[in-house]
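Taken in order, these protein sequences are the chains called A and B. Taking the numbering used here, the leading residue of the first sequence gets 1, the next gets one more, and so forth. Taking the numbering used here, the leading residue of the second sequence gets 1001, the next gets one more, and so forth. By construction, the Cβ of each residue, glycine as well, lies at the ideal position given by its N, Cα and C atoms. First comes the structure, then the notes that go with it.
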Amino acid sequence: MFGFKFLGNTPVPHRKNTAAMPAVRLPVHKEVLLHVAQHIGAPAKVVVKVGDEVKVGTLIAEAGGAVSAPVHSSVSGKVTKIEKLMCYNGQQVDAVRIESDGLMTADESITPPDIHDLDSLIEAVRASGAVGLGGAGFPTAVKLAAAKNGNIKTVVINGAECEPYITSDTRTMLDDTDSVVYGVKLLLDNMPTVEQIIFGIESNKRECINKLSEAFKDNAKVKVKALPALYPQGSEKVIVHNTTGIAVPTGKLPAECGVIVLNVSTLAFIARYAKTGMPLVERTLTVDGSAIAEPKNVTVPVGTPISYVIEAAGGIKDGKSLGKVLYGGPMMGVCVCTVDDPVLKTTNAITALDVKDSNPPAETACIHCGRCVAACPHSLNPTEFARALNVEIKEDRMAKLQATQVLSCMECGCCSFVCPAHRPLIQNNRIAKAELKDYLAHQATLKN
Amino acid sequence: MEKLIISTSPHLYTNVTTKTVMRDVLIALLPATAASVVFFGLRAALMVLICVASAVIAEALFCIICKRPQTVGDLSAAVTGLLLALNLPAKTALWQCVVGSVFAIIVVKCLFGGIGCNFANPAITGRIFMLISFGAVAGGSDTVFADTVSGATPLAAIKAGETDLPSLTDMLIGNRGGAIGETCAIALILGFVYLVLRKVIHWETPVIFVGTVFVLSLLVKQDLTAALYQVLGGGLLIGAIFMATDYVTTPINRAGKCVFALGCGIITVLIRFWGSYPEGVSFSILIMNILSPYIEKWCAKKPLGGAKNV
């Protein structure tokens, strides 16, 4: 149909139990915990101290570098504690505890930003604390800044939502269509080089496709494309390929090929920020999984404890016991250590799995069946990574790993999902990538 | 509050396992096994039983003696035993069945490291070992319905220049001399359809293998009927459907599998028409097994946005 083959062919179950449930706004929890690292890049720097009064939208940590994002208070109340805690990626960073007064008073300084050109758009997005809401958490302003060199022709809006269970983007597209439409207008008005905006949505979300097609039917620059409902359509390089036909070279960003990818919820947030000036302080997420009694979509302040949203979803199902709790869905989700951990800006779902579904199955010998090779959307051969990793001499091992092009792997998990021997394929990929990246960085410093 | 389980993603797995794959292969071989009993009598059932039992026991004992994790539960030894039995003529002595199965499992599979590590297909190599060692394994046996005793397979008859061949219908339903499981084309094709529907194998390998033999035979013999005899005779169908699609000993990528099948077809025709054996399917698969790693390397796909594999 588009003159190329769609990438992604893994029939991961959809389990979109909550697709028909608009998000419920929960009563505010008595306390929130805000990590300063809720994005990729440098952690933000805390600018409040214990005892400070804060309101909704008050800046509590400013961006800690070029690739970073500020953090704002999500409730009104008092800072009770600032402590070093482990965040989702294992880093020890500052975390600010705020006791809520329950009033949710907005900060007086909040006014809609003045957005009239690309620079003011980027500045506004930077100030809003926006990060990729699809889960990756890349600071959105940094992404948009790539448009400054004038080569960005296409913006892909990622509404694929290919992970099982998650429907928060679905609900954003259906319940907040106005924001999505306004977000597109903002991009087209302020990014003069952009020639087209393409929505990529998995075909199992027919309602979203119809609603957005209807909303944009008079705008020739906007296309809504149905993608096959096969994992991993939402992966950045996969969706770029499947919407535009462009294969982004390994080690490059889509921006270097003239494409920016934005998650649809990120776009809707930018639109809401442009209208109200309220920074990224709340999050709509799906609470589901085999251990959850009443799966639903909820809207809560960022920093709300996971235990609170699980309780709001009916708690643990009778006869089940909590085995694993994930930020995100079961394919790429990150395990939390405790349910006291907070909802982050990037948390599009909390997936709670029963103990029975939590232990990885026992691994057996590779039977060379080729399912992983067929499943890899990047056409890699996962069996080669393990073999290359076993090479004894470091230089040889690195040369072998480079030949396998393991750095192209974006850890979607298809290989591990399809493996009938339950080999730790993606775990090997991660080890291989980490070691190779270290080695290459070291080589680069030696050269200089 | 009990401790949560921590592991890296993914947290969801397919329910296909090595065991379910091997179970599907066994199910796909059921029609051919049933046909072997119909055409070659209870002797065929006895051979199947003995081959499967000795293959499974050999692997179990090997694992115990070598203190390795027990692997007979994955059913791959049963598949090897069953395939070997179906590739033998009914006149094979039962002790020879035992020797062949044990050779296939111990020498070809376990000594190389067990499932996933052998470079050659155990059943094929076991059969070739028996073919070379025991005269009785060469050629075929007559079916219980045969009115004359010839003992010759259609391919041997063609090679000898005889013209008294079974009808094409008999070739299709399996009423002809040969190994017990290879004769009934319909039963084998049923198995093929099942495996493709269950996504255990891709359709390309068997279709290209058989297609190559058909086209080359047509070119050499210039006769449609003769080419059809080449397709239905010998062990082509069972080899193409069940042995050339073995995961372990064939290229991992789909393009590689196609090249593998093409090579099998060409070598089969070379042996059948110009070699000293009337049948070449086993040898062709064994030779291509050896070439497999190279084919796999040559046929590796270029990663998305990456360089061609070096």
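When you compare only the Cα positions, how much space is there between A374 (chain A) and T383 (chain A)? Roughly 12 Å separates the two Cα atoms.
Would A1078 (chain B) and V1048 (chain B) be called neighbours here (beta carbons separated by less than 7 Å)? V1048 (chain B) is positioned such that its CB atom lies no closer than 7 Å to that of A1078 (chain B).
Just by C-beta distance, which residues in the segment 383-400 of chain A are closer than 8 Å to chain B? Along the segment 383-400 of chain A, going in chain order, the ones with a CB nearer than 8 Å to a CB of chain B are T383.
Please report the straight-line C-alpha distance between C315 (chain A) and H29 (chain A), rounded to a whole angstrom. Note on residue identity: the sequence assigns Gly, not Cys, to residue 315 (chain A). A direct Cα-to-Cα measurement between G315 (chain A) and H29 (chain A) gives close to 16 Å.
Quick check on Y1013 (chain B) - is its C-beta less than 7 Å from some C-beta in chain A? Yes, Y1013 (chain B) counts as interfacial toward chain A.
For the segment 1241-1256 of chain B and the segment 349-363 of chain A, state whether three or more C-beta atom pairs, one from each stretch, are separated by less than 8 Å. No, the segment 1241-1256 of chain B is not in contact with the segment 349-363 of chain A.
With a 10 Å radius around its C-beta and 16 neighbouring C-beta atoms as the bar for buried, classify Q92 (chain A) as buried or exposed. Exposed: under 16 other Cβ atoms inside 10 Å.
Is it buried or exposed, N1289 (chain B), if we count other Cβ atoms within 10 angstroms and call 16 or more buried? It is buried - the Cβ of N1289 (chain B) has at least 16 other Cβ atoms within 10 Å.
Count the other C-beta atoms from every protein chain shown that fall within 10 angstroms of the C-beta of D114 (chain A), then say buried if there are 16 or more, exposed otherwise. Flag for D114 (chain A) reads exposed.
Contacts that R1311 (chain B) makes with chain A (C-beta to C-beta distance below 9 Å): Nothing can be reported for residue 1311 (chain B), as the shown portion of chain B is limited to 1001 through 1310.
Buried or exposed: T1225 (chain B), going by 16 or more other Cβ atoms within 10 Å of its Cβ? Exposed.
With 16 as the cutoff for other CB atoms within 10 Å, does F1145 (chain B) come out buried or exposed? Under this definition F1145 (chain B) is an exposed residue.
List, in order along the chain, the chain A residues whose C-beta lies closer than 9 Å to that of I1006 (chain B)? Chain A residues near I1006 (chain B): K324, C335, V336 and C337.
Min CB distance A365 (chain A) to chain B below 7 Å: Closer than 7 Å: yes.
For D176 (chain A), name the three-state secondary structure that DSSP assigns. In the structure shown, D176 (chain A) adopts coil according to DSSP, grouped into three states.
Whether or not the segment 296-315 of chain A and the segment 137-156 of chain A are in contact is what I'm after, with contact meaning three or more pairs of Cβ atoms, one per stretch, closer than 8 Å; do they touch? Too few Cβ pairs lie closer than 8 Å, so no.
Local Cβ density within 10 Å of H116 (chain A), reported as buried at 16 or more and exposed below that: An exposed status is given to H116 (chain A), since fewer than 16 other beta-carbon atoms sit within 10 Å of its beta-carbon.
Thinking C-alpha only, which one of B:Y1277, B:V1038 and B:E1296 is nearest T1143 (chain B)? Restricting attention to B:Y1277, B:V1038 and B:E1296, the CA atom closest to the CA of T1143 (chain B) is found in B:V1038.
Interface residues of chain A facing V1108 (chain B) [CB-CB closer than 7 Å]: Going along chain A, no residue has its Cβ under 7 Å from V1108 (chain B), so there is no contact; the nearest lies around 15 Å.
Tell me the start and end of each unbroken beta strand (DSSP E) in the segment 153-198 of chain A that is at least 3 residues and wholly inside, in chain order. Annotation note: the segment 153-198 of chain A contains the following uninterrupted beta strand (DSSP E) runs of length 3 or greater, listed N- to C-terminal: 154-158.
Nearest to L186 (chain A) by CA position, among A:N242, A:I122, A:A220 and A:K16, is which residue? The residue with the shortest Cα to Cα distance from L186 (chain A) is A:I122.
State the Cα-Cα distance for the pair V48 (chain A) and V71 (chain A), rounded to the nearest angstrom. Approximately 11 Å between the Cα atoms of the pair.
Taking three-plus beta-carbon pairs below 8 Å as touching, is the segment 236-251 of chain A in contact with the segment 30-44 of chain A? The segment 236-251 of chain A vs the segment 30-44 of chain A: no contact.
If you compare alpha carbons, which of B:G1234, B:G1081 and B:C1258 is closest to P1166 (chain B)? It is B:G1234 whose Cα lies nearest to the Cα of P1166 (chain B).
What does S416 (chain A) reach in chain B if we use C-beta pairs closer than 7 Å? The contacting residues are P1010.
Count the C-beta pairs between the segment 1047-1062 of chain B and the segment 1216-1230 of chain B that are closer than 8 Å, then say yes if the count reaches three, no if not. No contact exists between the segment 1047-1062 of chain B and the segment 1216-1230 of chain B.
In its own chain, which residues sit with a C-beta less than 6 Å from the C-beta of T193 (chain A), not counting the 5 before and 5 after it? Excluding the 5 residues flanking it on each side, T193 (chain A) has same chain C-beta neighbours closer than 6 Å at G150 and I152, in chain order.
On the three-state DSSP scale, how would you describe E1182 (chain B)? Here E1182 (chain B) carries a coil assignment [DSSP, helix/strand/coil].
Going by CA-CA distance only, name the one from A:K221, A:S203, A:D176 and A:S179 that's closest to I197 (chain A). For I197 (chain A), the closest alpha carbon among the candidates A:K221, A:S203, A:D176 and A:S179 is that of A:K221.
Measure from the C-beta of H248 (chain A) to each C-beta in chain B and report whether the shortest distance is under 7 Å. One point to set straight first is that residue 248 (chain A) is Val, not His, in the sequence displayed. Nearest CB-CB separation between V248 (chain A) and chain B: below the 7 Å threshold.
The beta strand (DSSP E) enclosing R206 (chain A), as first and last residue numbers: For R206 (chain A), no beta strand (DSSP E) run applies; the uninterrupted alpha helix (DSSP H) run containing it begins and ends at R206 to A215, by DSSP.
What's the C-alpha gap between L950 (chain B) and V325 (chain A)? Residue 950 (chain B) is absent from the structure shown; chain B starts at 1001 and stops at 1310.
Given a cut-off of 7 Å, decide if L1237 (chain B) and L1195 (chain B) are closer than it, judged by their beta-carbon atoms. Going by C-beta atoms, L1195 (chain B) is not nearer than 7 Å to L1237 (chain B).
Considering only their Cβ atoms, is the gap separating T351 (chain A) from G289 (chain A) smaller than 7 Å? Yes.
Just to make sure I have the definition right: I need the residues of chain A whose C-beta is within less than 7 Å of the C-beta of I1115 (chain B). Which are they? Residues of chain A whose Cβ lies closer than 7 Å to the Cβ of I1115 (chain B) are, in chain order, A365 and I367.
Between the segment 259-277 of chain A and the segment 159-173 of chain A, do three or more beta carbon pairs fall short of 8 Å? Proximity of the segment 259-277 of chain A to the segment 159-173 of chain A meets the contact definition, three or more beta-carbon pairs being nearer than 8 Å.
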